[in-house]
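Peer 1:
In the numbering used here, the protein residues as written are 177 to 578.
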């Protein structure tokens with residue numbers, strides 16, 4: 177681990193950059209990511225967000241999914257006190273491309289390269305391949321938390337300069353962090369996702385009753401048709417998930433990934449590591465027909481939210497995608513009393529199935545003044561467009577009018 181010392185931090189603070197999470201104690205990392213006693217609330221900042229845990233992030237590295245060879249060179253920022261206690265950290269990667277991020281800046285890169293600049297490498301502070309909102313500046317609670325947070329931001333900027341990186345990108349932030357970073361000079365960007373929001377529904381039928389009649393009938397028909405061909409749906413979590421399940425699911429994942437992206441991001445080993453380390457945080461929804469699995473979706477379980485991530489199939493059946501990815505997730509969230517289901521990036525078709533438009537936030541710090549000005553002008557226009565689009569989506573929400 178290399179050490180750095182930007183100015184204006186307490187003298188006993190030590191700033192480090194870890195090239196692997198193997199160098200970071202898991203309990204110390206998780207004490208920053210999931211502080212004990214954090215209030216559970218129906219907020220955008222899930223206190224038990226599974227993706228910022230040491231188990232999830234280290235599985236990405238150890239499986240060969242997020243490593244230097246794939247363009248995700250770990251460069252995690254750490255802030256320690258004089259006794260070696262970890263006070264703050266940030267999952268950071270030195271990127272040689274812009275794939276697997278879901279906040280698209282390739283246009284910025286192309287323009288900068290044409291002007292003679294070098295956009296890559298850049299620093300990406302995020303969870304690789306995971307468009308889910310969560311904290312990126314992870315700080316252990318305590319009397320020095322604010323100072324540790326400041327030190328982490330300073331360390332990111334120092335790392336950008338030291339590595340010759342063009343920029344820092346913190347993506348899928350809680351709005352409070354977005355506001356704070358904006359006040360510190362980071363450029364602010366918004367986008368849209370579609371989440372299912374729990375309005376205190378007691379059952380799936382209770383949720384359907386809140387929808388307009390036409391939408392309600394359509395969903396009931398889709399659910400019937402999805403399982404019409406002797407399809408059985410299974411929900412699996414914890415010890416019920418076996419390597420055979422992961423084998424089947426990985427086949428589905430590879431099929432979808434190869435068609436959508438050309439090269440899937442996650443390796444087979446990643447799913448085994450997740451099964452070993454955090455199976456209780458996984459909900460695997462599988463469809464079986466004629467004695468074999470034909471489709472499946474993986475979700476991750478937070479403290480107040482269910483996060484839909486990947487899906488795939490080896491047989492095409494009408495509406496099976498909606499049943500496995502959306503309706504089963506909604507039912508599970510209602511049973512657990514979760515405030516929401518986050519179904520990942522894109523997908524206006526989710527609106528017709530009871531999902532709502534939700535704004536997402538990212539912050540960007542660009543070193544070159546000319547690039548910064550051009551991007552700032554673009555983002556001002558983009559934020560206005562996103563706000564207008566949000567209003568339009570709300571006008572067309574499928575719920576019954578009051």
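We put the beta carbon where it would ideally sit given N, CA and C, even for glycine.
Keep in mind that this is a model prediction, so the values were computed, not measured.
Mapping DSSP to helix, strand and coil, what is residue 562?
Peer 2: Judged by DSSP in its simplified three-state form, residue 562 adopts helix.
Peer 1: Taking the continuous alpha helix (DSSP H) assigned at residue 447, which residues delimit it?
Peer 2: 444-454
Peer 1: For residue 504, which of 251, 189, 381 has the nearest alpha-carbon?
Peer 2: 381
Peer 1: How far does the beta strand (DSSP E) with residue 192 in it extend, from its first residue to its last?
Peer 2: 190-194
Peer 1: Can you name the residues that DSSP bridges to residue 486?
Peer 2: According to DSSP, which records beta bridges pairwise, residue 486 is partnered with 474.
Peer 1: Let me know the secondary structure DSSP gives residue 313 once reduced to three states.
Peer 2: Reduced to three states, the DSSP call for residue 313 is coil.
Peer 1: Can you tell me which of 254, 267, 253, 294 puts its alpha carbon nearest to the alpha carbon of residue 273?
Peer 2: 294
Peer 1: How about residue 316 and residue 408: do their beta carbons lie closer than 8 Å?
Peer 2: no
Peer 1: What ranges does the beta strand (DSSP E) occupy inside the segment 515-540, keeping only unbroken runs of at least 3 residues that lie completely in it?
Peer 2: 516-518
Peer 1: So what does residue 389 bridge to, in DSSP terms?
Peer 2: Per DSSP, none; premise fails for residue 389.
Peer 1: Going by Cα to Cα distance, which pick from 299, 477, 338 is closest to residue 509?
Peer 2: Checking every option, the nearest Cα to that of residue 509 belongs to 477.
Peer 1: Going by CA-CA distance only, name the one from 222, 223, 262, 209 that's closest to residue 199.
Peer 2: 262
Peer 1: Return the chain-ordered list of same chain residues with a C-beta closer than 8 Å to the C-beta of residue 365, the five sequence neighbours on each side being excluded.
Peer 2: 279, 537, 538, 539, 540, 555, 558, 559
Peer 1: Tell me whether residue 548 sits in a helix, a strand or coil according to DSSP, three-state version.
Peer 2: helix
Peer 1: Please identify the residue among 309, 423, 332 whose C-alpha is closest to the C-alpha of residue 353.
Peer 2: 309
Peer 1: Cα-Cα, which of 249, 269, 371, 240 is closest to residue 523?
Peer 2: 371
Peer 1: Could you tell me which whole beta strand (DSSP E) segments of length 3 or greater appear in the segment 296-352?
Peer 2: 298-301, 343-349
Peer 1: Inspect the CB distances between the segment 389-401 and the segment 412-428 and report whether three or more fall short of 8 Å.
Peer 2: no
Peer 1: Does residue 480 pass the burial test, meaning 16 or more other C-beta atoms within 10 Å, or should it be called exposed?
Peer 2: buried
Peer 1: Quick one: Cα of residue 467 to Cα of residue 422, how far?
Peer 2: If I take the Cα positions, the gap works out to 16 Å.
Peer 1: To the nearest angstrom, how far is the alpha carbon of residue 314 from that of residue 403?
Peer 2: 43 Å
Peer 1: Quick check: the segment 182-196 against the segment 241-252, are there 3 or more CB pairs under 8 Å?
Peer 2: Put simply, the segment 182-196 touches the segment 241-252. At least three CB pairs are less than 8 Å apart.
Peer 1: Just to confirm before moving on: does the CB-CB distance between residue 496 and residue 482 stay below 8 Å?
Peer 2: no
Peer 1: How big is the Cα-Cα spacing for residue 573 and residue 526?
Peer 2: 10 Å
Peer 1: Under 6 Å Cβ to Cβ from residue 369, same chain only, skipping five residues before and after it: list those, please.
Peer 2: 534, 536
Peer 1: Mind listing, in chain order, the continuous alpha helix (DSSP H) runs of no fewer than 4 residues lying wholly within the segment 260-302?
Peer 2: 282-290
Peer 1: Would you call the segment 436-456 and the segment 382-392 touching, i.e. three or more CB-CB distances under 8 Å?
Peer 2: no
Peer 1: Please report the distance separating the alpha-carbon of residue 330 from that of residue 363.
Peer 2: 16 Å
Peer 1: Here's the rule: buried if 16 or more other CB atoms are within 10 angstroms of the residue's CB, otherwise exposed. What is residue 218?
Peer 2: Since pLDDT at residue 218 reaches only 39, below the 50 mark, its modelled position is unreliable, and no value is offered.
Peer 1: Along the chain, which unbroken stretches of the alpha helix (DSSP H) at least 4 residues long are found entirely within the segment 225-252?
Peer 2: Within the segment 225-252, the complete alpha helix (DSSP H) runs of at least 4 residues are 230-238.
Peer 1: Looking at C-alpha atoms only, which residue of 514, 576, 268 is the closest neighbour of residue 384?
Peer 2: 576
Peer 1: If you run the structure through DSSP and keep just helix, strand and coil, what is residue 579?
Peer 2: The displayed coordinates of the chain run from 177 to 578. Any statement about residue 579 would go beyond what the structure contains.
Peer 1: Less than 8 Å separating the beta-carbons of residue 267 and residue 233?
Peer 2: yes
Peer 1: Classify residue 281: buried if its beta carbon has 16 or more other beta carbons within 10 angstroms, exposed otherwise.
Peer 2: buried
Peer 1: If you draw a straight line from the C-alpha of residue 335 to the C-alpha of residue 254, how long is it?
Peer 2: Cα-Cα distance, rounded: 12 Å.
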